[in-house]
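So the sequence shown is numbered by the working numbering: it starts at 3 and just counts up by one.
The beta carbon of each residue, even a glycine, is placed where N, CA and C say it ideally should be.
Just so you know, these numbers come straight off a predicted model, no measurement behind them.
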Amino acid sequence: MTPGQFVATPTPTRRRGAYWHTALAVAVLVAAGWLARRHWPVLESGAVRLAVADQGRLLLAGTAAIGTWLCASLAQQGAVPERLPRGRLVAAQFAASAANHVLPVGLGAGVVNLRFLMRCGLPAARAATAVAAKGTAGVLVRAVLIACLAVACPGVLDLPRHAPGPTAVLLTALAVATVTALLAGPLRQRCRGVCRTALADLRAVHTRPLRAAALWGGSLAFVALHCLVLVAVTQAVALPLPPLKVALLYLAASSAAALLPTPGGLGSLDAALALALAASGAPAASAASAVLGYRLLTVWLPLVPGLLVLGVLIRRKAL
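Right under this line is the structure:
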C-alpha cells in the first residue's frame, strides 16, 4: 500500500467519535473564552508584568524550548533501529510541534512523524509502531516524574478542602465528560488494543540498548526541558514558588489538560496551569504572566516558523 492509498472509509462509529471530540473541543474553547473574559484584568496585568520580566531568565527559557525539539528527535530515533537523517528528523519534530497546535489531542505530531518515517522507508505498520513507542515512553516518563516529585513535594497535589468555585466545577465537568466519551463503547476496546500494541513495541525496542537509551533519555529530557521553560519563566516574573513545586504543578496540569481534545491544550492547559499556580500561593497576576510566557515560548513564537517548515517538508516530499 502506498502513502496515497492510505485512506480510511468513515464509519458511523468514527463519525460519532468525531462529533464527540468536536463538541468537547468547542465546549473547552467556549469555557476558556468565558474564563478569559471573567479574569481579563488579571490577564492584562500579567502581560504587563511579563513585558518587564528578567530577560536573562527568559532567554534561558527560550533556549530550553528549542532543546525540546532536539530531545523529541532523539526519542523518535530511539524508537526505530534504522538511522534516520538527522537534519530532516529535527525539522520534522519542529514541524510536528506546530501541527500539534493545529490539530487536537496530539494528532498533528503523530501524523507528521508517521509520514516522515514512511518517507524514510519504513512500512506503515512499523512507522505506526515507532510513533506509538515514542508516545508510550513519554506518558510513562511523565507518570514517573509526577510520582517522584509528589514524594519530594508532599501536599502539593492534595485536593482543596473548601467548596469548589464555579471555575473548578466547570473544569471538572469537562474532564468527566471527556473521560466518559473516550471510554464509552467501541473506543474503550480500541484504547485497550492500542495500549497492548504500544507495550509490545516498547519490549521490542529494548532488544537494542542504545536505541532504548535514546528513547527513554530523549523522552525524559523532553519533559524536563518543558518543566525548565516554565520554571525559568516563573523566576523571570518573580513568582514565589520553588522550582520543584512548579515542575510538579506543570506535569499535573498538563496531564489533566491532555484529557480535553483541544489543539495543543489551547484553553485547557492555560486554565489548569494558571489555577494550579494560583492555588499554590502565587499571586494571580504572576501566575497569568508565567502561563503567558510559557505559551509564548512554546507555542505562539514557533508556530508560524513551524508551519513554514512543515510546508517546505511537504513540498520536498519529506512528509
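Within 10 angstroms of the beta-carbon of Gln57 lie fewer than 16 other beta-carbons, which makes it exposed. Counting only residues of its own chain and dropping the five nearest sequence neighbours on each side, Ala98 has a CB closer than 6 Å to the CB of Ala111, Val114, Asn115. When Asp272, Trp302, Gly283 are compared, the shortest CA-CA separation from Ala290 is found for Asp272.
Take Arg144, set aside five residues on each side of it, and the residues of its chain with a beta-carbon closer than 7 Å to its own are Val225, Leu253, Ser257, in chain order.
Check the Cα spacing between Ala259 and each of Ala276, Lys247, Val235: the tightest is with Ala276. Burial of Trp218 is indicated by the presence of at least 16 other C-beta atoms within 10 angstroms of its C-beta. Across the set Leu62, Val54, Ala55, the C-alpha of Leu62 shows the shortest separation from the C-alpha of Thr300.
Secondary structure of Ser282 (DSSP, three-state): coil. In terms of Cβ geometry, Leu243 and Ser270 do not form a close pair [threshold 8 Å]. About 5 Å separates the beta carbon of Leu305 from that of Ala100, a gap short enough to meet the 8 Å contact definition. In this model, Lys319 and Cys150 are separated by some 43 Å (Cα to Cα). Membership of Pro242 in any alpha helix (DSSP H) is not indicated, and neither H nor E is assigned to it by DSSP.
When secondary structure is reduced to three states using DSSP, Thr209 falls in the coil class, being assigned neither helix nor strand. Non-local beta-carbon contacts of Cys73 in its own chain, meaning distances under 7 Å to residues more than five positions away in sequence, involve Gly220, Ala223, Phe224, Leu227 in chain order. DSSP, read as helix, strand or coil, puts Pro307 in helix.
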